[in-house]
Amino acid sequence: MSELTDIINSLEVKFAKLMQRLGALEAENKQLKNSLLLAQEEIQKNEAQLDSIYKKYESIQLANSLLGSEENRRDTKLKINSLIKEIDQCIAHLTK
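What follows is the structure, encoded as structure tokens:
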């Protein structure tokens, strides 16, 4: 009977250690999830900022080409032509 009591006590100690380990792992998991969420929000913020900077860059590039820069003149003409085509398509849709 003494052996059975020792086995039960040993199992209780092991179970208590497992429960402590489970609690620690759950806390760590929660912390990692929060860190991941913060990192994802930071990535979204940086992507939005990058998109904004890229749009400003395109505007500056277009302005430079309109000011007479030879390098971007062809790109500007292509951009204007594509905008005119889009406007024509919009007018065509509106007249239908």
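Every number in the numbering used here is 204 more than the matching position in the sequence shown, counting from 1.
Glycine included, each C-beta is placed from N, C-alpha and C at the ideal position.
Just so we're clear, the structure is a prediction, and the values are computed from it rather than from any experiment.
Considering only the alpha carbon of each residue, which of the options lies closest to residue i?
i      : options                   : result
Leu282 : Phe219, Leu266 and Thr299 : Leu266
Just the C-alpha distance for residue i and residue j, rounded to the nearest angstrom, thanks.
i      : j      : result
Arg278 : Ser256 : 24 Å
Ser239 : Val217 : 33 Å
Leu222 : Glu207 : 22 Å
Gln235 : Ala228 : 11 Å
Ile247 : Lys237 : 15 Å
Glu230 : Gln224 : 10 Å
Ala243 : Ile264 : 31 Å
Glu245 : Met205 : 60 Å
Tyr261 : Glu290 : 22 Å
Measure how close the beta-carbons of residue i and residue j come, nearest whole angstrom, since I'm counting them as under 8 Å.
i      : j      : result
Leu270 : Thr280 : 6 Å
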